[in-house]
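**Student:**
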Amino acid sequence: DTAVSQTPKYLVTQMGNDKSIKCEQNLGHDTMYWYKQDSKKFLKIMFSYNNKELIINETVPNRFSPKSPDKAHLNLHINSLELGDSAVYFCASSQAGTGVQPQHFGDGTRLSIL
Amino acid sequence: SQQGEEDPQALSIQEGENATMNCSYKTSINNLQWYRQNSGRGLVHLILIRSNEREKHSGRLRVTLDTSKKSSSLLITASRAADTASYFCATLRGNQFYFGTGTSLTVIP
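As C-alpha cells, this is what we get:
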C-alpha cells in the first residue's frame, strides 16, 4: 500500500493555466508538506500544514495555495502557471511534532510548463 | 534560505568500498536527518541524529554530528549497487525543514 500518493505523476500544461496536484496519505499523520525540487535537485519547503496551522514559506508566490479537505489530504493549487514553475513537486507527511519525526514522501509530480 | 550543503556533489565508487558524504549547515539545529532519493522517486528517511548525540548507527549506515563545526557525515560501509542514489541532509530550524542539494552517489558493480 502506498503511504503517500500524489496524482498526477506527470503534468504538462500551457503557461497561464491553472492546475491542481492531489496528495493523500494513509499513515494517519497530522502534518503534511509540499516541496519543490528544481532541476539541480535543490529541495525547498513550500508549505507545512496540520489541522491547526498553515505555515507558508515567505518566498512562495501567492499563486500557490494548499487546500486540505481533511487530515489525509493536502492538495496544491497553482494559478496562472509560469515557465519557472517547471519542477518536481513532492508531498510529504509526518507525525505531529514537526522535525522530531521522519517525513514520508510521495514519488513526486513532474510539472512541465510549455 | 538554504540550510544544508552536502559535499561532495557527486561521488563514484566501486561496489564494496565505503562512501562518505558530508553536510554543513549554518545555524543551530534541533536535529539533523539524512534521506535517500532514488532516481524518479521521493525521498526516503534513513536516520535522525539529535543535537545532543555525536554518532548513530543503523545497519551499514553511520552518522556523526559535530555541532561545534556545524557539520554531519554519513558513512555507508560495504556499498552495493543498490545504494546508487542521491543523499540529502535535512535540518530543522524553527518549524521548517531545510534540505541541501544532495550528494549523488554512484556505486559501480
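In order, the protein sequence lines correspond to chains A and B. Residue numbering for the first sequence follows this note's numbering, beginning at 1 and increasing consecutively. Residue numbering for the second sequence follows this note's numbering, beginning at 1 and increasing consecutively. Ideal placement from N, C-alpha and C gives every residue a C-beta, glycine not left out.
Ordered along the chain, which non-local residues of its own chain (more than five positions away) have a Cβ less than 7 Å from that of residue 63/A?
**Tutor:** The residues are 78, 79, 80.
**Student:** Counting only C-beta atoms, is residue 4/A closer than 9 Å to chain B at any point?
**Tutor:** True, the Cβ-Cβ gap to chain B drops below 9 Å.
**Student:** Whole angstroms is fine: what's the gap from residue 110/A's alpha carbon to residue 26/B's?
**Tutor:** Spanning the two alpha carbons is a distance of roughly 30 Å.
**Student:** Just to confirm my understanding: we take residue 56/A, look at its own chain, exclude 5 residues before and 5 after, and list those with CB closer than 7 Å. What are they?
**Tutor:** Hits under 7 Å: 47.
**Student:** Could you tell me which residues DSSP puts in a beta bridge with residue 104/B?
**Tutor:** DSSP, once it has assigned bridges, lists 10/B, 86/B as partnering residue 104/B.
**Student:** Take the Cβ of residue 83/B as the centre, count every other Cβ of all protein chains shown within 10 Å, and call the residue buried at 16 or more, exposed below.
**Tutor:** Flag for residue 83/B reads buried.
**Student:** Under the rule that 16 or more other beta-carbon atoms within 10 Å means buried, what is residue 90/B, buried or exposed?
**Tutor:** By the 10 Å Cβ count, residue 90/B comes out buried.
**Student:** Contact criterion: CB-CB distance below 9 Å. Does residue 115/A meet it with respect to chain B?
**Tutor:** Past the edges of chain A, shown from 1 to 114, lies residue 115/A, and the structure says nothing about it.
**Student:** If residue 73/B and residue 30/B are in contact, beta carbons under 8 Å, what's the gap, nearest whole angstrom?
**Tutor:** So it is not a contact: roughly 19 Å between Cβ atoms.
**Student:** Kindly list the residues whose CB is nearer than 7 Å to the CB of residue 115/A, restricted to its own chain and excluding five residues on each side of it in sequence; keep chain order.
**Tutor:** Here chain A covers residues 1 to 114 and nothing more, so residue 115/A does not appear.
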